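Trainee: What follows is a single structure, and I will ask about it in a moment.
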Amino acid sequence: MFNTRSSRLFTLSAVSIALTGLSTISAYAETLTVSSPDKRLAVTVTDDNDNPQYSVHFGQETILNASRLGLNFKTLPEFGPDFKISASWTETQNDTWEQPWGEKQYIRSHYNELAIEFENPQGYEFIVRFRVFDDGIGFRYEVSPHKNIAQVEIVDEETEFAFATDATTWWIPARGWNRYEYIYETTQLSEIDRVHTPFTLKTPAGTHVAIHEAALVDYAAFTLDRRRGTTLKTDLTPWYDGIKVKTSAPFKSSWRTIQVADDATGLLNSDLILNLNEPNKLGDVSWVEPGKYVGIWWAMHVNEKTWGSGDKHGATTEETKRYIDFAAKYNFDGVLVEGWNEGWDGSWFHNGDVFSFTQPYPDFDLPALAQYAQQKGVRLVGHHETSGSVSNYRNQIQDAYDLYEKMGVRQIKTGYVADGGDIKRVDDNGVVRHEWHDGQFMANEYLHSILEAAKRKISINTHEPIKDTGLRRTYPNWISREGARGQEFNAWGSPPNPPEHTAVLPYTRMLSGPMDFTPGIFNLAPYGLHAENRVQTTLAKQLALYVVLYSPIQMAADLPRHYESNMPAFRFILDVPTDWSHSMALAGEVGDYVVFARKERGAEDWYLGGLTDENARVVEISTDFLDKNRLYEMQVYQDGARADWLNNPYEMEIYRKPVRAGQKLTLRMAKSGGVAIRFKAQK
Ligand code: NOJ
Ligand code: CA
């Protein structure tokens, strides 16, 4: 069998070694290699050990030593030991595809693929498919139909990432009560326990690596579990009963991804995750609308209003009109209204079963407000907080989305506030089960909401989501999500987000996709500069966030009165777009600082956002990205000479100056400060 199969072996740079002439599969050991188009990154796969293994090299540097591959099932033999390479195929793709919206309009997908089939003496087979791009590697498991594996339950995955050296790492803990909402830790690789992905590290040679996954559909997310030394192992998030994945053959896992770059900004400029996702499956998605929104939101977080009914109820008809007027006056696209529906009274965190998604509170006139918004050229942004009671939500989802569709709502923010492992669902027998936000059950549940919404031309912004794996490429109405500590933690988090937080996010959470962080707080210290809960940034850094933290929808999160009392700074929020044709990270180090330049989609203006951690910093950049044949006016919003986040966060310099391509700019940032620049193209 091996001999016939091996005739299908054409690898790009394959080394095939037959150790003996015996005809049984196990007598052969084979080693295959596939490299990136630029030849710097290489994956080598071998069956010359107890288990199938792969290793990764980047130029002269070994990134991963021989690392196990394999799957473990409840009733089948383990796919690993005794499996030998029985066939392999290669392919090269070099394409460019277009994003309907995004941080760039065109994305190049150039990779070499090596698919390897492993087989054991009993005739079980599985394929591991590797795609090697210049910016990283993806690989996934594929199991074909087989008479014994109609229904399968995966109980473990054996994939390892055996790092060759210790490294500096940035991470949040996994399988914790607060889902993905933790402050990032910086430690040695050899000190971590169990972490979420994207998991980012820097090797002693300065190479930056991030482990994550792409195209997670009908499968469990994985976290990373440290084994001995510097070896990590995939740890699939279980169902309530401990099984990791319930499926039937044929099936495939999501892609395990390894982004590799010479420096920190290389990670930010990588398109690996999107490239490993399937093309758009929704057809015409011109109805998915990037844009900016305001809303009845921060007022609740700073205790001025409540979600529930009573004197302080935020979502009243009158208050919503006030926000619609404000949005119309300043050209915002949407007005988010939280707390409009019955069910918030009492302890809403634990009351998920009583939410109605169609019944407004009596003081909220939905049809009248929808009409009022429409007259003013603004859309209501819908809100569904489930508090993790997903069966209650699923039972109402058709009616709820129908209602919003009828009201002209094009975007819904959903919420799944529940502790990790405490999503509540009622199974087919009426038994309550508790699930994780990132297990297979919830991977499917979130996608169900996306598909139901798509039928009605509605986009979804998921809070307390499953981590992003690039599914916006396939389902472009999955417009944004949370999935990390956002601005809200500054209102009530103990502790709030530290100055470093947004200098870590670009290199970690943001590698997975857009985030609805909700930037733009102007009253940085509602309880006083020295209260625990305040925003630990300067004002200029709040503006920089609009460029740094990519999302096609961005909120102006603060209260209207705080914007109207600082119109010069508000100007930047009004100007900055949320849809781009080009994006590039110009400078940065993980957890220290970052500078991005982005070009407005369908226009000639460029924008720059830079921010720093607790350290003041001067960063030199060059305006090489600008069009050489144009003159621009630079509109700069930067920290004042004496600004610092703690005692003097508001001091800001706003000025205009002509600029051309190729000039050097010195960006001066205060402690936890930032800079935002519009490069306005001159006619
Ligand atoms: C958590 C969300 O992140 C936040 O934005 C929202 O206000 C609350 N849940 C209530 O739904
Ligand atoms: Ca730092």
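Each residue of the sequence shown is one higher than the one before, counting from 739 in my numbering.
Glycine included, every Cβ here is placed at the ideal spot set by N, Cα and C.
As the structure is a prediction and not an experimental result, all values here were calculated from the model.
#1: Assign residue 1305 to one of two classes, buried (16 or more other C-beta atoms within 10 Å of its C-beta) or exposed (fewer than that).
#2: Consult DSSP for residue 1088 and reduce its assignment to one of helix, strand or coil.
#3: Could you check what DSSP says for residue 900 in three-state terms: helix, strand or coil?
#4: Near residue 1425, which residues of its chain fall below 8 Å by C-beta distance, leaving aside the five closest residues on each side in sequence?
#5: Ordered along the chain, which non-local residues of its own chain (more than five positions away) have a Cβ less than 8 Å from that of residue 1329?
#6: Alpha carbon to alpha carbon, how far is residue 1269 from residue 1407? Give it in angstroms, no decimals.
#7: Whose C-beta lies closer than 6 Å to the C-beta of residue 858 among residues of the same chain, with five residues either side of it excluded?
#8: What would DSSP say about residue 1133, mapped onto helix, strand or coil?
#9: Near ligand 1, which residues have their beta-carbon closer than 6 Å to a heavy atom?
#10: In the DSSP output, what is residue 1296 paired with across the bridge?
#11: Under 8 Å, do residue 1064 and residue 1030 count as touching if we go by C-beta distance?
#12: Have a look at 842, 1048, 847 and 977 and flag the residue whose alpha-carbon is nearest the alpha-carbon of residue 1321.
#13: Work out the CA separation of residue 824 and residue 761 for me, nearest whole Å.
#14: If you pair each beta-carbon of the segment 825–835 with each one of the segment 904–920, do three or more pairs fall below 8 Å?
#15: Spell out the partners DSSP gives residue 1405 in its beta bridges.
#16: Can you tell me the Cα-Cα spacing of residue 1114 and residue 1066, whole angstroms?
#17: Using alpha carbons as the reference points, say which of 1400, 1276, 1284 and 767 lies closest to residue 1422.
#18: Mapping the DSSP letters down to three states, classify residue 1418 as helix, strand or coil.
#19: For residue 731, count neighbouring C-beta atoms within 10 Å of its own C-beta (all shown protein chains included) and say buried if the count is 16 or more, exposed if not.
#20: First and last residue of the alpha helix (DSSP H) that includes residue 1011?
#21: If I measure Cβ to Cβ from residue 1170 and keep anything under 7 Å in the same chain, skipping five residues before and after, which residues do I get?
#22: If residue 1098 and residue 1082 are in contact, beta carbons under 8 Å, what's the gap, nearest whole angstrom?
#23: Answer with buried or exposed for residue 915, where buried requires no fewer than 16 other C-beta atoms within 10 angstroms of its C-beta.
#24: For residue 746, I'd like the list of residues in its chain whose CB is within less than 8 Å of its CB, leaving aside the five on either flank, ordered along the chain.
#25: List in chain order: all unbroken alpha helix (DSSP H) runs of 4+ residues lying wholly within the segment 1062–1123.
#26: At which residues does the alpha helix (DSSP H) containing residue 1004 begin and terminate?
#27: Return the first residue and the last residue of the beta strand (DSSP E) that residue 992 is part of.
#28: Based on DSSP bridge pairs, tell me the residues matched to residue 848.
#29: Measure the C-alpha to C-alpha separation of residue 986 and residue 892 and round it to an integer number of angstroms.
#30: Drop a sphere of 10 angstroms on the beta-carbon of residue 1317, count the other beta-carbons inside from all chains shown, and report buried for 16 or more, exposed for fewer.
#31: Considering only residues of the segment 1303–1379, which uninterrupted alpha helix (DSSP H) runs meet the minimum length of 4 residues and lie entirely inside it, listed in chain order?
#32: Since residue 880 and residue 869 should fall inside the 8 Å C-beta cutoff, what is the C-beta to C-beta distance between them, to a whole number of angstroms?
#33: Output needed for residue 1175: all residues of its chain with C-beta closer than 7 Å, excluding positions within five of it in sequence on either side, in chain order.
Mentor: This is what the structure holds:
#1: Residue 1305 counts as exposed, since fewer than 16 other beta carbons sit within 10 angstroms of its beta carbon.
#2: In the structure shown, residue 1088 sits in a helix (DSSP, three-state: H, G or I).
#3: Three-state result, residue 900: strand.
#4: Because the chain is modelled from 739 through 1421, residue 1425 falls outside the range shown and cannot be assessed.
#5: Within the same chain, residue 1329 has close Cβ partners 908, 922, 924, 1238, 1241, 1242, 1245 and 1351.
#6: The alpha-carbon of residue 1407 is positioned some 24 Å away from that of residue 1269.
#7: Closer than 6 Å at Cβ, skipping near neighbours: 820 and 821.
#8: Correct three-state label for residue 1133: helix.
#9: Result (chain order): 1035, 1076, 1123, 1153, 1155, 1201, 1220 and 1226.
#10: The partner list for residue 1296 (beta bridge, DSSP) is empty, contrary to what the question assumes.
#11: Contact flag unset, no.
#12: Nearest in C-alpha terms to residue 1321, of all of 842, 1048, 847 and 977, is 842.
#13: In this prediction, residue 761 scores a pLDDT of 29, lower than 50, which makes its location untrustworthy; the coordinate-derived value is nonetheless stated afterwards. Put simply, the backbone Cα of residue 761 is about 12 Å away from that of residue 824.
#14: The segment 825–835 vs the segment 904–920: no contact.
#15: Answer is 1357, bridged to residue 1405.
#16: If you take the alpha carbons of residue 1114 and residue 1066, they lie about 6 Å apart.
#17: Since the first and last residues shown for the chain are 739 and 1421, residue 1422 lies out of range.
#18: Residue 1418 falls in the strand class under three-state DSSP.
#19: Residue 731 cannot be examined here, being either before or after the span of the chain that is shown, 739 to 1421.
#20: Taken as a continuous stretch (DSSP letters only), the alpha helix (DSSP H) holding residue 1011 covers 1010–1013.
#21: Within the same chain, Cβ atoms closer than 7 Å to the Cβ of residue 1170 are found at 1162 and 1164, the five residues on either side in sequence being excluded.
#22: The beta-carbon distance between residue 1098 and residue 1082, rounded to whole angstroms, is 11 Å. This is too long to meet the 8 Å contact definition.
#23: Exposed, by the Cβ-count rule.
#24: Annotation note: pLDDT 38 at residue 746 (below 50); position unreliable, coordinate value reported separately. The residues are 825, 826 and 827.
#25: List check, alpha helix (DSSP H) in window: 1104–1113.
#26: Here the alpha helix (DSSP H) through residue 1004 covers 1002–1006.
#27: Per DSSP, residue 992 belongs to no beta strand (DSSP E) and is neither H nor E.
#28: 832.
#29: Near 10 Å, if we compare the C-alpha coordinates of residue 892 and residue 986.
#30: So residue 1317 counts as buried.
#31: As far as the segment 1303–1379 is concerned, its whole alpha helix (DSSP H) runs of at least 4 residues are 1305–1313.
#32: Contact between residue 880 and residue 869 is absent: CB atoms are separated by about 13 Å, not below the 8 Å threshold.
#33: Non-local C-beta neighbours of residue 1175 in its own chain, meaning closer than 7 Å and more than five positions away in sequence, comprise 917, 1154, 1158, 1161, 1202 and 1204, ordered along the chain.
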